[in-house]
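Report on the structure given below.
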Amino acid sequence: MGLSGLLVLPQAFGAIYLGETFCSYISINNSSNFEVRDVVIKAEIQTERQRILLLDTSKSPVESIRAGGRYDFIVEHDVKELGAHTLVCTALYNDGDGERKYLPQFFKFMVANPLSVRTKVRVVKESTFLEACIENHTKTSLYMDQVEFEPAQHWSATILKADDHPSESNALTREIFKPPILIRSGGGIHNYLYQLRLSSHGSAQMKVEGSNVLGKLQITWRTNLGEPGRLQTQQILGSPITRKEIELQVVDVPSVTVLERPFLIHLNLTNQTDRKMGPFKVSLSQSDTQEEKVVMVDGLQTLALQQVEAFSSTNFHLDLIATKVGVQKITGITVFDTGEEKTYDPLPDLEIFVDSD
Amino acid sequence: MDNTDTGADSPDHHQTLTSDHETETQTSISDDPLTNQYLTLNDLSPELTSLHDLATRGSWRSILDKVSRARKLSLLTSHPHHHLTYTSYYLIALTKLRRYDDALLDLSDLHDLDSPHYLYESYPHLYPNRSGSMVPFSLRWIHAQLPFRSGNRQETLDRLYTLLDFVRTKLIDKESENLGDSVNIWKRREDFVVNSIISHHLSHKEFNVCVELIKDMIRRDSSNPVVLSKLGYVQMQVGDLEGAKAVFDRVEGMMNEAISGGLLSEIEFKNLVNRNKALVYMVGKDYVSAVREYDECIERDGSDVVAVNNKAICLMYLRDLSDSIKVLENALERVPTVALNESLVVNLCSMYELAYVNHSDIKRTLSNWIARVAPDDFDSSCTRI
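Just so you know, the sequences run in chain order A and B.
Residue numbering for the first sequence follows this note's numbering, starting at 35 and increasing by one per position.
Residue numbering for the second sequence follows this note's numbering, starting at 404 and increasing by one per position.
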């Protein structure tokens, strides 16, 4: 049937990919009639960027190889670069006449990328979901031995898998054979889904503007007879978090106030950046409709606030007065940063009940 | 009561001729000698024993001669099934000799295999009380395999799956009629067709399908250590080493409990387990232990060619090229009948190319020896001269 377990030596070099191990059997054969002595053997891999020494017997040369004899060795090299590679083998020896001779041999091969990884990040409430699609560019199918997501600091990751299809296979086959994840050659793909969570919640430190690093994917695959290959992706970035520099919160609002009687609302301004911000001016901005406000500032229309240190906050209050009874809105509480000349979005409307006298 | 099997059943007597080196020689003859007129192969068709003999020895060219002569001299006209029997051998011989176009041509001379021309009931005067198809099973199998040889893989796969369906229907019929011997024959045919299908999928690296098919075979007969081991080999080829090891452990467990469904002798079973162990050592790069396992096999059974071949490869990985060559040459000398296969020769020639500057000389010596002793169908292109 073709599955007798008979092993066959590779008949052609085939292809080698980034992350795999290049392995070569080198046989130095003395086919002459005389003994050769003091054999210095060197094997190195040359790429565009570097030369990597794999074997060098110059410190202890092979004393002699008799006529018809051989000296064999096996070299291995983990392939970490793309493109052209050359295995250079040289033998330096003394021939029968005592002359120093030199024999080089070259073997060229190309290294290509075996996989490509495409990622998508989606944020749903507290969770960030990372979709990774691995595509196989090689000529053989790849057995995905391990695909692990290594989250960055402060993140934790869980892989999400679909439930196993409840097949009718009996206990025997289920026990001895878990279907392997095998990505077929020439463009086959497999998708992985991870759920990521920030391990420290609500820490002000985390809420900074800019892109965030989620982590990287470590991939180990195997080919024929378990030959492993290993690669990892670059850092995968999440969607940029646009966190506010300034957070304005209402601390206290009286639920009932009296018509035309001044009242206070208490607010808190937090500086979420790592630098001093301010000074600020707080006011009730005019609405678009140009209607006169029902609730107005009682006193100076603009409240001045001092600078606020990095990652700290300040509490203040606004003096307000309502001009109509009933359910009314406090609209347009706005902060203006005089230092940066920047107006922040106003607070959402606040509702109060204004009672008559 | 006569054994009125329906469908391809005269060949209850002459077995599925495989295209593998080993031709099945089992002839399961119906139990009742008084009513069955086909007691021996020669009763079935003229000189069938001789044809069968030639096939066993791999003398495919002689088979071609014999069939051509029989056809020319109109020796096969008394009963229509003679023609089919001889044609089966003819096509198998052509296939073995890789003369696929000739085989397709000859096949095209036949009617559709399910036509009434090939039903016993169409000739009541020749086959009284007999009904069903006279088409030998091997002919159906060759008919399925040939399109692949002329480049139409899909047609072959379709035909093989159809043939599998045909076999399974027969199996259900036989089981319901409680025909024990027949059931066994059809079960073996089922495995045979499944194995053919697996070969095709393997060559296209469609491993998931192969695994499903093998798992299916295991489900049908969980006491077959050979099939279970094959699952392990597929897993190894895929790279699933953990899975393979689990399967091999199971096979070893079966040996300790002496479960083999009567398929393997004690020695064969022990060797299978050793060889599986050796593979696990090999992929773990522990070649010394692998060689030790293979040595145990060879000591028990010197004709265990898989062990010999794989031991040679391990020696090479231990940088002992000279000894690896000796092991293979030695096997060819000692047990040429079993050792002479294309894979072993490919390995030996690869080693020659590595070992000798003037490897063409030594390869030519090997090639000349092969030409003298090999069966007709040996593919000598494997020496790469």
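Yeah, the Cβ is synthetic: ideal placement off N, Cα and C, and Gly gets one too.
Only a predicted model underlies this, so the values are computations on that prediction, with no experimental measurement involved.
Item to check | Residues that N713/B contacts on chain A, provided the C-beta gap is smaller than 9 Å | outcome: N713/B reaches chain A at G39, L40 and L41, counting residues in chain order whose Cβ is nearer than 9 Å.
Item to check | C-alpha gap between V157/A and S190/A, whole angstroms | outcome: Those two C-alpha atoms are separated by around 15 Å.
Checklist entry - Hey, is the segment 55-63 of chain A in contact with the segment 102-119 of chain A, meaning 3+ C-beta pairs nearer than 8 Å? => result A contact between stretches requires three or more CB pairs, one per stretch, nearer than 8 Å, and the segment 55-63 of chain A meets this requirement with the segment 102-119 of chain A.
Checklist entry - By the criterion of Cβ-Cβ separation under 8 Å, what are the contact partners of L757/B in chain A? => result Correct list: Y59 and S61.
Checklist entry - When the Cα of S753/B is compared with those of V741/B, C785/B, N771/B and V597/B, which residue comes out closest? => result Minimum Cα-Cα distance from S753/B among the listed residues V741/B, C785/B, N771/B and V597/B corresponds to C785/B.
Checklist entry - Buried or exposed: where does M685/B fall if 16 or more other Cβ atoms within 10 Å of its Cβ makes it buried? => result It is buried - the Cβ of M685/B has at least 16 other Cβ atoms within 10 Å.
Item to check | Cβ contact (3+ pairs, closer than 8 Å) linking the segment 169-183 of chain A and the segment 625-644 of chain B | outcome: Taking 8 Å as the limit for Cβ pairs, the verdict is that the segment 625-644 of chain B does touch the segment 169-183 of chain A.
Checklist entry - In chain order, which beta strand (DSSP E) runs of at least 3 residues are fully inside the segment 289-341 of chain A? => result Qualifying beta strand (DSSP E) stretches, in chain order: 290-292, 297-305, 314-318, 329-331 and 336-339.
Checklist entry - What did DSSP end up calling I215/A once you bin it into helix, strand or coil? => result In this structure, I215/A counts as coil in the three-state DSSP scheme.
Checklist entry - Taking Cβ-Cβ distances shorter than 8 Å, what residues in chain A pair up with F551/B? => result Under the 8 Å cutoff, chain A gives no residues; its nearest Cβ is about 14 Å from F551/B.
Checklist entry - Does DSSP put Y136/A in a helix, a strand or coil? => result Residue state, collapsed to three classes: strand.
Next on the checklist: I believe V683/B touches K714/B by the beta-carbon criterion, under 8 Å. Please report the beta-carbon distance rounded to the nearest angstrom.
Outcome noted: Rounded, the Cβ-Cβ distance is 15 Å, inconsistent with contact.
Next on the checklist: When you compare the CB positions of V312/A and D379/A, do they come within less than 8 Å of one another, or not?
Outcome noted: The sequence given here has Gly at residue 312/A, not Val. No, the Cβ-Cβ distance between G312/A and D379/A is not below 8 Å.
Checklist entry - When the cut-off is 8 Å and only beta carbons count, does H235/A lie next to chain B? => result Here the model assigns H235/A a pLDDT of 49, short of 50, so the residue's position is not dependable, and the following value carries that caveat. For H235/A, the answer is no, since every Cβ of chain B falls outside 8 Å of its Cβ.
Checklist entry - Cβ of T174/A less than 8 Å from any chain B Cβ? => result The beta carbon of T174/A sits closer than 8 Å to some beta carbon of chain B.
Next on the checklist: Taking 8 Å as the threshold (beta carbon to beta carbon), is R100/A in contact with chain B?
Outcome noted: For R100/A, no CB of chain B lies under 8 Å from its own CB, so it is not counted at the interface with that chain.
Next on the checklist: Would R678/B pass as an interface residue toward chain A - the criterion being a Cβ-Cβ separation below 8 Å?
Outcome noted: Against chain A, the CB of R678/B has a partner CB under 8 Å away; the residue lies at that interface.
Next on the checklist: Any C-beta of chain A within less than 7 Å: which residues of the segment 733-758 of chain B qualify?
Outcome noted: Those residues of the segment 733-758 of chain B placed with their C-beta closer than 7 Å to a C-beta in chain A are S746, V749, N750, S753, L757 and A758, ordered along the chain.
Checklist entry - In the structure shown, what three-state DSSP assignment does K714/B receive? => result In the structure shown, K714/B sits in a helix (DSSP, three-state: H, G or I).
Next on the checklist: Please give the ranges of any alpha helix (DSSP H) in the segment 513-582 of chain B, keeping only runs that are unbroken, at least 4 residues long and fully inside the region.
Outcome noted: If we require 4 residues or more, the alpha helix (DSSP H) runs fully inside the segment 513-582 of chain B come out as 540-552 and 556-579.
Checklist entry - Interface residues of chain B around P382/A at Cβ under 8 Å? => result Within chain B, no residue comes near P382/A; the closest Cβ sits about 56 Å away, beyond 8 Å.
Item to check | Cut-off 6 Å between Cβ atoms - residues of its own chain near S448/B, not counting five sequence neighbours on either side | outcome: In its chain, beyond the 5 residues on either side, H485 and T488 have a beta carbon closer than 6 Å to the beta carbon of S448/B.
Checklist entry - Measuring CB to CB, does A49/A end up less than 8 Å from A146/A? => result The beta carbons of A49/A and A146/A sit closer together than 8 Å.
Next on the checklist: Against chain A, with Cβ distances strictly below 8 Å, would V612/B count as a contact?
Outcome noted: Interface residue (Cβ-Cβ distance to chain A less than 8 Å): V612/B is not classified as such.
Item to check | Member of G705/B, N677/B, E702/B and V708/B whose CA lies at the smallest distance from the CA of A693/B | outcome: Among G705/B, N677/B, E702/B and V708/B, the Cα nearest to that of A693/B is on N677/B.
Item to check | Where Y177/A meets chain B, residues with beta-carbon distance less than 8 Å | outcome: Chain-ordered, the chain B residues with CB closer than 8 Å to the CB of Y177/A read V641, G642 and D643.
Checklist entry - Just to confirm, are N744/B and L731/B a CB contact at a threshold of 8 Å? => result Taking 8 Å as the Cβ cut-off, N744/B and L731/B do not qualify as a contacting pair.
Next on the checklist: As a quick exercise: from L40/A, P262/A and E165/A, pick the residue whose alpha carbon is nearest that of P148/A.
Outcome noted: The option with the nearest alpha carbon to P148/A is P262/A.
Item to check | Nearest candidate by alpha-carbon position, reference T172/A, set V73/A, G220/A, I86/A and N128/A | outcome: Residue G220/A is the option with its Cα nearest to T172/A.
Item to check | Nearest neighbour of H482/B, chosen from L522/B, D704/B and N598/B [CA to CA] | outcome: The shortest CA-to-CA distance from H482/B to any of L522/B, D704/B and N598/B is the one to L522/B.
Item to check | Sequence-distant residues of the same chain with beta carbon closer than 6 Å to A774/B, five excluded per side | outcome: Nothing listed; no residue qualifies.
Next on the checklist: For D112/A, list the residues DSSP reports as bridge partners.
Outcome noted: Its beta-bridge partners are T55/A.
Next on the checklist: Please classify Q187/A as buried or exposed, where buried requires at least 16 neighbouring CB atoms within 10 angstroms.
Outcome noted: Here Q187/A is exposed: its Cβ has fewer than 16 other Cβ atoms, across all protein chains shown, within 10 Å.
Checklist entry - Which bits of chain A does Y636/B rub up against, with CB to CB less than 9 Å? => result Simply L37, S38 and G39.
Next on the checklist: Is it buried or exposed, E375/A, if we count other Cβ atoms within 10 angstroms and call 16 or more buried?
Outcome noted: Around the beta-carbon of E375/A, fewer than 16 other beta-carbon atoms lie within 10 Å, marking it exposed.
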